[in-house]
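Peer 1: Residues in the sequence shown are numbered consecutively from 14, following the working numbering.
Note that CB positions come from ideal geometry on N, CA and C, so glycine has one too.
Predicted, not measured: the structure shown is a model, and the values here were computed from it.
Once you've had a glance at the structure underneath, I'll fire off some questions.
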Amino acid sequence: MAPRKKPAVVAEPASPQPAVQYLADPVTVAHSTPKTRDDIAIRDAVRARLAAIETAIVEFVTEKTVEGFTLAEIDQLYALELPLLFGYRVDGSRIRASYDAQIVERQA
Numbered sequence: 014m015a016p017r018k019k020p021a022v023v024a025e026p027a028s029p030q031p032a033v034q035y036l037a038d039p040v041t042v043a044h045s046t047p048k049t050r051d052d053i054a055i056r057d058a059v060r061a062r063l064a065a066i067e068t069a070i071v072e073f074v075t076e077k078t079v080e081g082f083t084l085a086e087i088d089q090l091y092a093l094e095l096p097l098l099f100g101y102r103v104d105g106s107r108i109r110a111s112y113d114a115q116i117v118e119r120q121a
């Protein structure tokens, strides 16, 4: 009996990613009262990203105060950098947001 051949694996072409959409006013969107399910999902994604940024800020400030910095010193030495626009993709029924903040030292 002849050995069986392994079935050929057919590579499926990668589906293109959905286009990135942008919001210029994420804080306003976070406080809005949406009317559609899509708007609710976008608002919830914005709120989740802003909450993550807030948590990171609180952790950073806590860490610096433990190191002996006062709140005034932290405010003078560090700044928060945010992107100008809130980017997101609609992936099926999920909203994939990209809005990351960075805490940087202020330049003298």
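#1: Tell me, to the nearest whole angstrom, how far the beta carbon of P39 is from that of V103; I am working on the premise that it is less than 8 angstroms.
#2: Name the two residues that bound the continuous alpha helix (DSSP H) containing Q34.
#3: Ignoring anything shorter than 4 residues, give me the alpha helix (DSSP H) runs that lie fully in the segment 31-101, in order along the chain.
#4: First and last residue of the beta strand (DSSP E) that includes S111?
#5: Around the C-beta of A117, are 16 or more other C-beta atoms found within 10 angstroms, so that it is buried, or is it exposed?
#6: Could you give the residue range of the beta strand (DSSP E) that holds Q115?
#7: Hey, out of S45, D52, E76, whose CA is closest to A101's CA?
#8: Let me confirm a value: L63 is counted as buried when at least 16 other C-beta atoms fall within 10 Å, else exposed. Which label applies?
Peer 2: Walking through what the data contain:
#1: As a position in the sequence shown, residue 39 is number 26, starting the count at 1. As a position in the sequence shown, residue 103 is number 90, starting the count at 1. About 16 angstroms separates the two Cβ atoms, so there is no contact after all.
#2: Looking up residue 34 in the sequence shown gives position 21. Note, Q34: premise wrong, no alpha helix (DSSP H); beta strand (DSSP E) at 34-36.
#3: 39-43, 50-79, 84-90
#4: Working through the sequence shown from its first residue, we reach residue 111 at position 98. First-last of the beta strand (DSSP E) with S111: 107-111.
#5: In the sequence shown, counting from the first residue as 1, residue 117 sits at position 104. Note that residue 117 is Val in the sequence shown, not Ala. Exposed: under 16 other Cβ atoms inside 10 Å.
#6: Translated into positions along the sequence shown, residue 115 becomes position 102. Element bounds for Q115: 115-118.
#7: Stepping through the sequence shown from its first residue, residue 101 is reached at position 88. Note on residue identity: the sequence assigns Tyr, not Ala, to residue 101. Closest option to Y101, Cα to Cα, is D52.
#8: The residue you call residue 63 lines up with position 50 of the sequence shown. Under this definition L63 is a buried residue.
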